[in-house]
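A quick write-up on the structure given underneath.
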Amino acid sequence: MVSAHLETPAAAAGRFPLGDGPGVHRLGYGTLQLTGPGVWGPPADPPAAVAVLRRAADLGVELFDTADAYGPEVAENLVREALYPYDGITVATKAGQLRPGPGEWHPCGRPEYLRQQCELSLRRLGVERIDLFQLHRIDPTVPAAEQFGVLAALQTEGKIAAVGLSEVSVEQIEQARQVVDVATVQNRYNLVDRASDAVLRYCTEQGIGFLPWFPIGSGALAEPGGVVAEIAGARGLSTAQVALAWLLQRSSVMLPIPGTSSISHLEDNCRAAGLELDLEAVALLDAVG
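Quick note on full-length UniProt numbering: the sequence shown kicks off at 1 and runs consecutively.
Put into structure tokens, the structure is as follows:
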């Protein structure tokens with residue numbers, strides 16, 4: 001079944017109460033793919049990247065996920081160029097990963113570093129308060145309570161509105177919640193990677209937004225003969241739409257953030273917000289996990 005939001009199809013996913021405003025449409029957009037190879041440097045065509053971001057907003061996307069490490073700095077700068085002053089848009093960014101080179105990622109949770117990166121993100125995004133500031137990774141070399149503590153301090157100071165975590169366990173979420181309110185969790189999750197099922201259940205029970213990164217990942221399931229490909233073909237859908245629709249139906253707190261540098265792929269993804277997979281399709285997809 002397809003829901004009618006023809007001009008702003010992302011709105012068909014419904015809303016999630018993120019922050020102190022009206023919340024966001026549940027289908028968002030991730031900016032990682034707007035950078036160069038290895039998530040390093042600028043994209044080959046910066047004006048095209050800006051156009052994709054603006055088109056996403058036109059399609060009803062209200063949650064844009066980025067990070068200081070994407071580029072580094074490149075994605076945040078593109079977000080500002082495309083979307084500032086962010087009317088009706090929630091910008092989520094992240095800090096806590098050092099980027100010495102293409103494809104290299106090293107957690108850094110020193111409180112002074114996280115504070116510095118927050119200040120730099122505020123400047124790049126052109127805002128006085130970041131809507132959602134996420135700890136990109138918990139640094140195992142720094143006491144976790146210190147990392148959560150600086151997030152709480154930044155929130156108290158009014159520099160960030162809401163706090164999120166990335167790649168965490170239920171135990172780590174509970175530890176963080178002793179120090180600061182956790183609004184969202186961003187873990188890798190898709191049809192073929194459900195290692196975070198327990199985290200998703202916890203977030204659903206607690207009303208915490210769950211941002212699955214790499215949400216369209218379907219592996220061999222999307223290849224000819226695979227269950228995703230068969231469901232898509234039988235229902236006139238794309239394999240990406242099947243993967244996203246399955247996620248949106250799996251939990252009311254699910255906030256997929258598929259990324260793409262292609263406007264046609266973006267439009268295809270956004271149409272998934274208005275899809276409702278039938279029970280047979282859902283059962284088949286659930287069974288392959």
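C-beta: ideal position from N, C-alpha, C; glycine also.
Bear in mind the structure is a predicted one, so any value in this text is a computation, not a measurement.
- From Pro-9, Gln-241, Val-185, residue whose alpha carbon lies closest to that of Gln-206: Position 206 of the sequence shown, counting from 1, holds the residue named residue 206. With distances taken between Cα atoms, Gln-206 lies closest to Val-185.
- Val-127 and Glu-81 closer than 8 Å at C-beta: In the sequence shown, counting from the first residue as 1, residue 127 sits at position 127. In the sequence shown, counting from the first residue as 1, residue 81 sits at position 81. No, Cβ-Cβ distance for Val-127 and Glu-81 is not below 8 Å.
- Query: What is the DSSP secondary structure of Gly-209, reduced to helix, strand or coil?
  - Reply: Here residue 209 is taken as the residue at index 209 of the sequence shown, counted from 1. Strand at Gly-209.
- What three-state label does DSSP hand Ser-238 in the structure shown? What you label residue 238 is simply residue 238 of the sequence shown in a count that begins at 1. In the structure shown, Ser-238 sits in coil (DSSP, three-state: anything other than H, G, I, E or B).
- Message: Give me the residue from Val-150, Ala-162, Arg-99 with the minimum Cα distance to Val-91.
- Response: Start at 1 with the first residue of the sequence shown, and residue 91 comes out as number 91. Looking at the Cα atoms, Ala-162 is the closest of the given residues.
- Query: Which class does Trp-105 belong to by DSSP, given the choice of helix, strand or coil?
  - Reply: Locating residue 105 in the sequence shown gives position 105, where the first residue counts as 1. It is coil, neither helix nor strand.
- Query: Start and end of the alpha helix (DSSP H) containing Leu-34?
  - Reply: Here residue 34 corresponds to residue number 34 of the sequence shown, with the count starting at 1. Looking at the DSSP string, Leu-34 is not in any alpha helix (DSSP H), and its letter there is neither H nor E.
- Message: Could you check whether Gly-209 and Leu-255 sit closer than 8 Å to each other, using their CB atoms as the reference points?
- Response: Counting from 1 along the sequence shown, the entry for residue 255 is found at position 255. Counting from 1 along the sequence shown, the entry for residue 209 is found at position 209. Yes.
- Task: Figure out for me which residue from Leu-114, Val-182, Glu-171 has the closest Cα to the Cα of Leu-211.
- Result: On the sequence shown, residue 211 is found 211 positions in, with the first residue counted as 1. Nearest C-alpha to Leu-211: Val-182.
- Task: Determine, using beta carbons only, whether Gly-23 and Arg-15 come nearer to each other than 8 Å.
- Result: As a first step, residue 23 must be located in the sequence shown, where it is residue number 23. As a first step, residue 15 must be located in the sequence shown, where it is residue number 15. A contact, by the Cβ cut-off of 8 Å.
- Query: Is the CB-CB distance between Val-199 and Ser-169 below 8 Å?
  - Reply: Start at 1 with the first residue of the sequence shown, and residue 199 comes out as number 199. Start at 1 with the first residue of the sequence shown, and residue 169 comes out as number 169. Yes.
- Query: Thinking C-alpha only, which one of Ala-245, Ala-273, Ser-252 is nearest Leu-279?
  - Reply: Translated into positions along the sequence shown, residue 279 becomes position 279. Nearest C-alpha to Leu-279: Ala-245.
- Query: Taking the alpha carbon of Thr-35 as the point to measure from, which residue in Asp-286, Thr-260, Val-282 has its own alpha carbon closest?
  - Reply: Within the sequence shown, numbered from 1, the residue matching residue 35 stands at position 35. When only C-alpha atoms are compared, the closest one is Thr-260.
- Message: Using 8 Å as the threshold, is the C-beta distance between Leu-53 and Leu-27 below it?
- Response: Locating residue 53 in the sequence shown gives position 53, where the first residue counts as 1. Locating residue 27 in the sequence shown gives position 27, where the first residue counts as 1. Going by C-beta atoms, Leu-53 is not nearer than 8 Å to Leu-27.
- When the Cβ atoms of the region 120-138 are set against those of the region 52-71, are three or more pairs found closer than 8 Å? yes
- Message: Tell me the DSSP secondary structure of Ser-166 in three-state form.
- Response: Locating residue 166 in the sequence shown gives position 166, counting from the first residue. It is a strand residue.
- Short Cβ contact (8 Å threshold) for Gln-97 with Arg-137: One-based indexing of the sequence shown puts residue 97 at position 97. One-based indexing of the sequence shown puts residue 137 at position 137. Result yes, Cβ atoms of Gln-97 and Arg-137 sit closer than 8 Å.
- Query: Grouping DSSP H, G and I as helix and E and B as strand, with all else coil, what is Leu-191?
  - Reply: Within the sequence shown, residue 191 is the residue found at index 191, counting from 1. Coil, per DSSP.
- Looking at C-alpha atoms only, which residue of Leu-266, Ser-262, Arg-271 is the closest neighbour of Ala-48? On the sequence shown, residue 48 is found 48 positions in, with the first residue counted as 1. Taking only the C-alpha atoms, the option nearest Ala-48 is Ser-262.
- Specify the secondary structure class of Phe-148 as computed by DSSP and reduced to three states. Your numbering for residue 148 matches position 148 in the sequence shown. In this structure, Phe-148 counts as helix in the three-state DSSP scheme.
- Measure the C-alpha to C-alpha separation of Ser-196 and Tyr-202 and round it to an integer number of angstroms. The sequence position of residue 196 within the sequence shown is 196, counting from 1. The sequence position of residue 202 within the sequence shown is 202, counting from 1. Whole-angstrom Cα-Cα distance: 10 Å.
- Query: DSSP on Leu-277, reduced to helix/strand/coil?
  - Reply: Numbered from its first residue, the sequence shown carries residue 277 at position 277. Three-state result, Leu-277: coil.
- Query: How is the beta strand (DSSP E) around Asp-87 delimited, first residue to last?
  - Reply: As a first step, residue 87 is located in the sequence shown; it is residue number 87 there, counting from the start. That residue, Asp-87, is in no beta strand (DSSP E); it is neither H nor E in DSSP.
- Query: What do you get for Gly-274, buried or exposed, if any count of 16 or more other CB atoms within 10 angstroms of its CB means buried?
  - Reply: Stepping through the sequence shown from its first residue, residue 274 is reached at position 274. With 16 or more other Cβ atoms within 10 Å, it is buried.
- Query: Going straight from the alpha carbon of Ile-216 to that of Cys-270, what length do you get?
  - Reply: Stepping through the sequence shown from its first residue, residue 216 is reached at position 216. Stepping through the sequence shown from its first residue, residue 270 is reached at position 270. Spanning the two alpha carbons is a distance of roughly 12 Å.
- Message: Out of Trp-105, Arg-235, Pro-43, Ala-56, which one is the CA nearest neighbour of Pro-9?
- Response: For the purposes of this step, residue 9 is taken as residue 9 along the sequence shown, with counting starting at 1. Closest by alpha carbon: Ala-56.
- Just the C-alpha distance for Gly-88 and Arg-194, rounded to the nearest angstrom, thanks. For the purposes of this step, residue 88 is identified with residue 88 of the sequence shown, where counting begins at 1. For the purposes of this step, residue 194 is identified with residue 194 of the sequence shown, where counting begins at 1. The alpha-carbon atoms of Gly-88 and Arg-194 are separated by roughly 32 Å.
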